[in-house]
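Protein sequences, first through last, are from chains A and B.
Residue numbering for the first sequence is 224 to 378, as defined by the numbering used here.
Residue numbering for the second sequence is 12 to 270, as defined by the numbering used here.
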Amino acid sequence: MQHSKIQDTLVGLFVAAGIAALFYQALQVSNLGTYTSGETFTVSARFQNSGGLKVKSPVSVAGVKIGRVSSISLDKETLESVVEMKIDSKYNNLPDDSDASIYTSGLLGEQYISIDPGPGLSGAFLKNNSKIENVSSAIILEEMIGKFLLNKANQ
Amino acid sequence: MLNFFTELGSATREAFGKIGRGTFFLLHALSGFGYVGLRPRLLLKQMYSVGVLSFLIISISGLFVGMVLGLQGFYILSDFGAEESLGVMVAASLVRELGPVVSALLFAGRAGSALTAEIGLMKATEQLSGMEMMAVDPVKRIITPRFLAGLICMPLLAALFSAIGVMGGHMIGVGMLGVDDGSFWSQMQSSIDFRHDIINGMIKSLVFGFSATLIALFEGYDCLPTSEGVSRATTRTVVNSAFAVLGLDFILTALMFGD
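What follows is the structure, encoded as structure tokens:
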């Protein structure tokens, strides 16, 4: 009987340790600790070229992440890339003449959308389903190298 | 020539016969869940011998695998000046692949072989027939608790393996090689997704636990009741579990991560 009690305790400790390991992974290893499932609103922007941007790429203002890209599709009429992003609803005071640009973090890092707040001339803010008109496309490294080489060759 | 065809035919029949017996065995074992639910002490005893006794080998292996990943990853990543991504590399390889797979292989070697030998010997010494004589169903009484114990313990062991491995990688990367502590964790947290990586890893280990335990129990139950038969069954358990785990891992990885 005594032996069985020790066994019970050890099994209990084992199960507790396993569950603790799972929690450790959830909070320390993965992004669940910073995950917010709060309210979001959707904003879209049209780019000539969205480069290596992916669904779930970050959207940031002044380097702070405020949302994620939710879909990327091609407009069949204009052949432009339509990028929709979900932005945390607490950031509801972005002027509607803000610029959206696609940047790369580091030389070889992943691409993200940076929103530069505009002067707010109209006084309106970005809200659900608004469109960002001022955009600058992704910088494609190969195009830049190609242009640079062409310039060199012309000189 | 005729002999060859006779042997081929009997080998084929034997192979399909084994699959059929295995399926009936699985269904029989599953039908004992209610029986074990009424007698939780049977399950607890098996969780002790399958899970608690495997804890040490799993945690020490996890620590060393994590430490090796830290070292190897650092040497490769520092060639590209990307040491800060060490945390991502260690955590992604542990959580997605090495945690479930290596702990399942260790589990097959440590617990699976023991299960086969135990049940094979029970069969050889006619303990199973003895139970039947007493109108006790040996599958429900002996097999089901062990099966359930394997099913419960495997994901827990894999979680422990990954968690301890990440700590080992952190110890080597940050403590010994001087990777920045903040970027080690923040890059890891920004690229490892809870549902996509950790939950999928857990599903993998559940599948591996199911197949490794089923193979171990079936080989023991189906072995020739002689000392040689038990020894062969134990070998088959380890070999077949390794094949099953690695083959299933390929299929599961293709299904889960090939977006």
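We treat Cβ as the ideally placed atom computed from N, Cα and C, and that holds for glycine.
Nothing here was measured: the structure is a model prediction, and the numbers come from that model.
4-residue-minimum alpha helix (DSSP H) runs that sit fully inside the segment 152-200 of chain B, ordered along the chain: 155-181
Separation of residue 320 of chain A from residue 272 of chain A, as counted between CA atoms: Taking the first sequence and counting its residues from 1, one reaches residue 272 of chain A at position 49. Taking the first sequence and counting its residues from 1, one reaches residue 320 of chain A at position 97. Rounded to the nearest angstrom, the two C-alpha atoms are 20 Å apart.
Contact list for the segment 136-162 of chain B against chain A, Cβ threshold 7 Å: Cβ contacts with chain A come from no residue of the segment 136-162 of chain B.
Alpha-carbon spacing of residue 135 of chain B relative to residue 57 of chain B, whole angstroms: By one-based count along the second sequence, residue 135 of chain B stands at place 124. By one-based count along the second sequence, residue 57 of chain B stands at place 46. Roughly 21 Å separates the two Cα atoms.
Unbroken beta strand (DSSP E) run spanning residue 135 of chain B, endpoints: In the second sequence, the residue the question calls residue 135 of chain B occupies position 124. Premise fails: residue 135 of chain B lies in the alpha helix (DSSP H), 124-135, not in any beta strand (DSSP E).
Residue 105 of chain B and residue 177 of chain B closer than 8 Å at C-beta: In the second sequence, counting from the first residue as 1, residue 105 of chain B sits at position 94. In the second sequence, counting from the first residue as 1, residue 177 of chain B sits at position 166. Result yes, Cβ atoms of residue 105 of chain B and residue 177 of chain B sit closer than 8 Å.
Against chain B: residues of the segment 227-240 of chain A by CB proximity under 7 Å: 230, 231, 233, 234, 237, 238, 240
Residue(s) in a DSSP beta bridge with residue 290 of chain A: As a working mapping, residue 290 of chain A is identified with position 67 in the first sequence. Per DSSP, A/282, A/310.
Burial state of residue 224 of chain A (16 or more Cβ within 10 Å): Locating residue 224 of chain A in the first sequence gives position 1, where the first residue counts as 1. Because the pLDDT of residue 224 of chain A is 49, which lies under 50, any placement of that residue in the model is unreliable, and the question is left without a value.
Bridge partner(s) assigned by DSSP for residue 269 of chain A: By one-based count along the first sequence, residue 269 of chain A stands at place 46. A/305.
Cβ shell of residue 37 of chain B (< 7 Å), same chain only, five flanking positions each side left out: Within the second sequence, numbered from 1, the residue matching residue 37 of chain B stands at position 26. Same-chain partners within the cutoff: 225.
Residue 76 of chain B and residue 113 of chain B closer than 8 Å at C-beta: Locating residue 76 of chain B in the second sequence gives position 65, where the first residue counts as 1. Locating residue 113 of chain B in the second sequence gives position 102, where the first residue counts as 1. It is a contact, given that the beta carbons lie within the stated cut-off.
contact_flag[the segment 246-260 of chain B, the segment 151-161 of chain B] where n(CB pairs < 8 Å) is 3 or more: no
Nearest candidate by alpha-carbon position, reference residue 125 of chain B, set B/187, B/213, B/60: Position 114 of the second sequence, counting from 1, holds the residue named residue 125 of chain B. Ranking B/187, B/213, B/60 by Cα distance to residue 125 of chain B puts B/60 first.
CB contact flag (residue 72 of chain B, residue 117 of chain B, <8 Å): The residue labelled residue 72 of chain B in the question sits at position 61 within the second sequence. The residue labelled residue 117 of chain B in the question sits at position 106 within the second sequence. Contact flag set, yes.
Members of the segment 309-338 of chain A near chain B, C-beta cut-off 8 Å: Result list empty, no residue passes.
Which listed residue (B/201, B/206, B/166) has its alpha carbon closest to that of residue 268 of chain B: As a working note, residue 268 of chain B is residue 257 in the second sequence. Residue B/206 is the option with its Cα nearest to residue 268 of chain B.
Where residue 224 of chain A sits in the DSSP three-state scheme: Within the first sequence, the letter at position 1 stands for residue 224 of chain A. Caution is warranted here: a pLDDT of 49 is assigned to residue 224 of chain A, below 50, making its placement in the model unreliable, and the coordinate value is therefore given only provisionally. DSSP places residue 224 of chain A in coil when its eight states are reduced to three.
Partners in chain B for residue 253 of chain A, counting only beta-carbon separations shorter than 7 Å: If you number the first sequence from 1, residue 253 of chain A lands on position 30. The contacting residues are 200, 203, 204, 205, 208, 209.
Residues of the segment 40-63 of chain B with Cβ closer than 8 Å to any Cβ of chain A, in chain order: 52, 55, 56, 58, 59, 62, 63
Min CB distance residue 344 of chain A to chain B below 8 Å: To locate residue 344 of chain A, count along the first sequence from 1; it is residue 121. Cβ-Cβ to chain B under 8 Å: no for residue 344 of chain A.
First through last residue of the alpha helix (DSSP H) which encompasses residue 210 of chain B: In the second sequence, residue 210 of chain B corresponds to position 199, counting from 1. For residue 210 of chain B, there is no enclosing alpha helix (DSSP H), as DSSP marks it with neither H nor E.
Closest by C-alpha distance to residue 171 of chain B, when choosing among B/183, B/151, B/222, B/110: By one-based count along the second sequence, residue 171 of chain B stands at place 160. The shortest C-alpha to C-alpha distance from residue 171 of chain B to any of B/183, B/151, B/222, B/110 is the one to B/110.
Status (buried if at least 16 other CB within 10 Å, exposed otherwise) for residue 80 of chain B: As a position in the second sequence, residue 80 of chain B is number 69, starting the count at 1. Per the 10 Å Cβ criterion, buried.
Straight-line gap, residue 347 of chain A to residue 364 of chain A (C-alpha atoms, nearest Å): For the purposes of this step, residue 347 of chain A is identified with residue 124 of the first sequence, where counting begins at 1. For the purposes of this step, residue 364 of chain A is identified with residue 141 of the first sequence, where counting begins at 1. Those two C-alpha atoms are separated by around 36 Å.
Closest Cα partner of residue 343 of chain A within the set A/316, A/326, A/377, A/234: Position 120 of the first sequence, counted from the first residue, corresponds to residue 343 of chain A. Selected option, being the one with the closest Cα: A/316.
First and last residue of the uninterrupted beta strand (DSSP E) at residue 327 of chain A: Within the first sequence, residue 327 of chain A is the residue found at index 104, counting from 1. Residues 322-327.
Interface residues of chain B facing residue 245 of chain A [CB-CB closer than 7 Å]: The count along the first sequence starts at 1 and reaches residue 245 of chain A at position 22. The answer, in chain order, is 170.
Beta carbon proximity, residue 250 of chain B to chain A, threshold 8 Å: Position 239 of the second sequence holds residue 250 of chain B. No, no contact with chain A.
Helix, strand or coil at residue 277 of chain A according to DSSP, with G and I counted as helix: Taking the first sequence and counting its residues from 1, one reaches residue 277 of chain A at position 54. In this structure, residue 277 of chain A counts as coil in the three-state DSSP scheme.
Close beta carbons around residue 297 of chain A, own chain, < 8 Å, minus the five adjacent residues each side: To locate residue 297 of chain A, count along the first sequence from 1; it is residue 74. Closer than 8 Å at Cβ, skipping near neighbours: 303, 304, 305.
Contact list for residue 376 of chain A against chain B, beta-carbon separation under 9 Å: Taking the first sequence and counting its residues from 1, the one referred to as residue 376 of chain A is at position 153. Within 9 Å Cβ-Cβ: nothing; residue 376 of chain A doesn't reach chain B, min ~30 Å.
Cross-strand partners of residue 335 of chain A (DSSP beta bridge): As a position in the first sequence, residue 335 of chain A is number 112, starting the count at 1. In the DSSP output, where bridge partners are listed per residue, residue 335 of chain A has A/326.
Classification of residue 149 of chain B by the beta-carbon crowding that lies within 10 angstroms, buried from 16 upward: Counted from its first residue, the second sequence places residue 149 of chain B at position 138. By the beta-carbon neighbour count (other beta carbons within 10 angstroms, threshold 16), residue 149 of chain B is buried.
Per DSSP, the bridge partner or partners of residue 342 of chain A: As a working mapping, residue 342 of chain A is identified with position 119 in the first sequence. DSSP, once it has assigned bridges, lists no residue as partnering residue 342 of chain A.
Environment of residue 335 of chain A [buried if 16+ CB atoms lie within 10 Å]: Numbered from its first residue, the first sequence carries residue 335 of chain A at position 112. That one is buried.
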